[in-house]
Structure formats: C-alpha cells, structure tokens
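First comes the structure, then the notes that go with it.
In the working numbering, the protein residues as written are 23 to 435.
See the structure below:
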C-alpha cells in the first residue's frame with residue numbers, strides 16, 4: 023500500500039475492527055443507510071474504505087461535515103491520491119476529462135466558477151420562471167392527455183428536467199435520449215469502466231459538435247455565454263469547455279429528475295403534509311427544502327482528500343487521507359434537525375447540506391429549488407388525486423447510482 027492507501031492510524035477512541043466500505047446501501051428508501059447511525063456513536067470521524075479499498079475518514083455529524091467541506095486543506099481534485107473512489111476506475115475516467123468544475127481546486131476553480139456564477143444568481147434564476155412554468159404546464163398537460171397508469175419518471179420528470187437544461191445550454195432537445203442514457207450509465211455503480219467510458223465518449227461527442235457550431239455562430243444560450251467568457255479571459259480551450267458542458271448537462275437534468283420523482287413519492291406517503299401543501303401552495307419553499315433534506319440524493323459525492331496533515335474535531339488526519347461527509351447523514355443529525363427521521367414541512371430545513379457546503383456548494387441550487395417548487399405546486403394543483411399505481415414495496419430505487427432516485431414511478435388518478 024502507498025501512504026495514501028494505508029488504513030488511517032486509529033486513536034484510542036476508535037474501533038479496531040475492519041472499517042466499513044463506502045458507499046453503504048440503504049435498507050429503506052426513505053432513510054439513509056443504517057450504518058450511519060452506528061458510526062455516529064463512534065466519534066466525530068471514523069475510518070472507512072472506498073470501493074477500491076483505499077482508506078479514509080467519514081463523518082455523520084452536520085458540524086463536522088461543514089468543517090470538512092469548507093476546509094482549505096481539503097481538496098476536491100479527484101485525481102489526487104487518496105481521493106475516495108465513488109466507483110471502480112473513477113480516477114482513470116476523470117483523467118480523460120477536462121473542465122469539470124466540481125473537481126477543481128482554487129485558483130482554477132475560482133476562475134471558472136466566477137464565469138458561471140452570474141448565470142445562476144437568485145435574481146437571474148427568477149427571470150426563468152415563465153420558461154419553467156411553461157415547460158411544467160406542458161408536461162402536466164401531456165400527462166393528463168395520455169394513458170393511465172403512466173411512468174412519472176420517463177414521461178414527466180426526465181422530460182421536464184431535460185427540456186429546461188437543454189434550452190438553458192442550447193443543446194438540441196432532440197438529443198435527449200442520447201444524453202439521458204449516457205448520463206445514467208456514467209452515474210450508475212453497476213456500469214463497467216468500459217460502459218462509462220463509452221457513455222462519456224457519446225455525450226462528449228454530442229457537446230463537442232454543439233460547441234463547435236456555437237463557436238462559429240454565438241447565440242443567447244449558456245454555452246455561447248461561456249464561449250465569450252473563455253475568450254475574454256484568454257483561456258479558450260474547446261475540450262475544457264466540452265467537459266464543463268458535460269458536467270452542466272448531467273448535473274442539470276439527472277439530479278432534478280430524481281428529486282421530482284422522489285419528491286412526488288415522498289409527498290404521496292405524507293398525506294397530512296400533502297393536504298396542507300395543496301391548501302396553501304405558498305408552503306412550496308418549505309416543502310422543497312424538507313424534501314431535499316429528507317432524501318439527500320447526492321449522498322455519495324461530498325468527498326475530499328487532505329492535502330496536508332490536519333486536525334478536525336480532535337482527530338488527526340494524515341495528508342492523503344480521503345474525507346467523506348455524506349449529506350444523508352448530516353441531514354439527519356438530531357443536533358441540528360430534532361426528530362430528524364420525521365418529514366416536517368414546518369421545520370427550518372434551510373441549513374441542510376443537500377447542495378453541499380463551502381466553495382463547491384451547488385451553483386445551480388436556486389434553479390433547482392425554483393424548478394421543484396413549480397413542479398410540485400402545479401402537479402398537485404392540476405392532478406390533486408394523483409396516486410402511486412401499485413405497491414411502494416415493488417418500486418425499484420437507484421441504490422447503485424451516484425445520485426439516488428427511482429427507476430420508474432407508475433402513477434394514476
């Protein structure tokens with residue numbers, strides 16, 4: 023083993039048993055992995071290993087997670103030795119990709135995030151409301167005009183999220199089957215390294231063609247804006263911009279589509295909260311934040327690696343150690359969210375870490391919130407008697423994916 027791969031030195035407060043492997047499976051679709059509760063009793067940070075056997079540290083506490091995610095000596099660079107592998111071969115695939123903002127450290131991260139930040143401010147996102155309302159309205163109309171039962175994932179959640187990100191970026195919506203399939207393959211733990219690589223080549227090829235066209239004929243879409251900003255900063259690089267676009271396209275539709283389906287199911291399982299929401303749509307922001315906290319679909323992606331020896335909440339962490347702050351654990355921390363396993367639309371959920379924390383906090387969080395608020399408001403306003411067609415126990419969840427979700431959600435009314 024290299025130093026980065028060695029099992030972290032154990033203190034007298036930590037267990038001597040073999041560390042558990044991260045990611046950890048969910049036994050219940052409405053709860054984080056049970057192992058988090060066990061680890062929470064063992065201290066602020068506990069040793070774990072990733073899917074490649076590389077050792078690291080995991081926290082289940084909200085305060086420790088914030089400190090790790092914002093620590094100046096905690097790198098987001100997936101290529102650094104010791105960075106937790108989210109799936110076998112993750113570093114090898116990442117080595118072929120340029121421009122992924124989520125894997126950058128300052129000063130590179132600062133430069134490129136600044137280019138995007140102005141496009142995702144709360145004020146800018148609010149100007150998109152009519153566009154989002156139109157997309158959602160048309161999507162619900164298609165549901166009402168179509169046959170029943172219907173799969174909400176493929177007939178509403180994915181089309182809604184994909185159409186919005188397509189229009190925002192300037193990517194032809196006619197290519198949605200390609201990028202939806204490719205993104206799913208890249209994010210699935212069940213995909214082989216070769217399948218992920220082929221999927222990435224597909225979506226990279228699509229976006230490379232789109233960007234080449236935009237370079238010659240700029241429009242008013244986000245890709246055109248980025249081309250202008252890359253040129254103004256004298257850093258234009260076609261492959262780098264393609265990587266940035268791959269990240270935006272994948273993050274912009276997969277996560278939102280998953281939350282649309284999960285959020286719908288979650289509300290249907292909470293009839294009292296749903297009835298209150300239907301009666302008072304102004305509760306939408308609270309409903310959305312509680313759903314984000316409750317499901318925490320990006321549980322596997324809040325990882326870092328220590329660039330130097332650091333001490334966090336009394337635990338010495340050697341340089342090269344992986345750091346894992348699963349937001350599904352932090353978002354069920356009873357010290358921050360009393361009775362955390364209860365779904366409560368009246369609690370203050372805004373301090374949840376579903377969008378991460380620190381300089382890498384999700385850039386598109388305002389857009390995601392607004393889209394979800396509009397979706398749930400309109401879906402239940404126009405189809406108030408929506409219900410799951412079948413048994414919840416028969417539903418298949420994306421347990422083997424970087425972002426939690428549903429494969430299908432049959433509904434009727």
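Glycine included, each C-beta is placed from N, C-alpha and C at the ideal position.
Treat the numbers as computed from the prediction; the structure is a model and nothing was measured.
In the DSSP assignment, residue 338 forms a beta bridge with 333. Relative to the Cα of residue 223, the nearest Cα in the group 120, 101, 171 and 329 belongs to 120. In the three-state DSSP reduction, residue 77 falls in the strand class (E or B). Distance check between residue 283 and each of 127, 63, 81 and 427 places 427 closest, using alpha-carbon atoms only. The three-state secondary structure of residue 433, taken from DSSP, is strand. Comparing alpha carbon positions, the residue from 424, 55, 64 and 128 closest to residue 280 is 424.
For the pair residue 95 and residue 329, the CB atoms are nearer than the 8 Å cut-off. Burial check for residue 129: the Cβ neighbour count within 10 Å stays below 16, so the residue is exposed. In the DSSP assignment, residue 86 falls within the unbroken alpha helix (DSSP H) covering 84 to 92.
Distances from the CA of residue 276 to each of 43, 40, 206 and 375 were compared; the closest alpha carbon is that of 206.
Under the three-state reduction of DSSP, residue 51 is assigned to coil, being neither helix nor strand.
When rounded, the separation of the alpha-carbon atoms in residue 422 and residue 333 is 33 Å. It is roughly 16 Å from the alpha-carbon of residue 158 to the alpha-carbon of residue 303. In the structure shown, residue 346 falls within a strand segment according to DSSP collapsed to helix, strand and coil. Cβ neighbours of residue 265 within its own chain (closer than 6 Å, five residues either side excluded): 119, 120, 121 and 122. A distance below 8 Å separates the beta carbons of residue 195 and residue 185. Of the residues assessed, residue 117 falls on the exposed side of the cut-off, its CB having fewer than 16 other CB atoms within 10 angstroms. Under DSSP, residue 419 forms a beta bridge with 428. At least 8 Å separates the beta-carbon of residue 382 from that of residue 147.
Here residue 363 is not near residue 114, since their CB atoms are 8 Å or more apart.
In this structure, the beta-carbon distance from residue 193 to residue 314 does not fall below 8 Å. Residue environment for residue 327: buried (at least 16 other C-beta atoms within 10 angstroms of its C-beta).
Proximity of the stretch 99 to 108 to the stretch 336 to 350 meets the contact definition, three or more beta-carbon pairs being nearer than 8 Å. Residue pairing by DSSP places residue 106 opposite no residue, since no beta bridge is assigned to it. For residue 326, the uninterrupted beta strand (DSSP E) run begins and ends at 325 to 328, by DSSP. Residue 252 holds the alpha-carbon nearest to the alpha-carbon of residue 134 among 354, 68 and 252. Of the residues assessed, residue 308 falls on the buried side of the cut-off, its CB having 16 or more other CB atoms within 10 angstroms. Per the C-alpha coordinates, the member of 228, 190, 91 and 267 positioned closest to residue 149 is 190. The residues 189, 190, 191, 192 and 236, in chain order, have a CB closer than 8 Å to that of residue 243 in the same chain once the five nearest residues on each side in sequence are set aside. Beta-bridge annotation (DSSP): residue 354 is not paired with any residue. Residue burial is scored here from C-beta neighbours: residue 67 has at least 16 other C-beta atoms within 10 angstroms and is therefore classed as buried. Collapsing the DSSP output to three states places residue 207 in a helix. For the options 321, 337 and 248, the alpha carbon positioned closest to that of residue 140 is the one of 248. Non-local beta-carbon contacts of residue 161 in its own chain, meaning distances under 7 Å to residues more than five positions away in sequence, involve 178, 181 and 182 in chain order. For residue 69, the secondary structure class from DSSP, reduced to helix, strand or coil, is strand. Excluding the 5 residues flanking it on each side, residue 295 has same chain C-beta neighbours closer than 6 Å at 367, in chain order.
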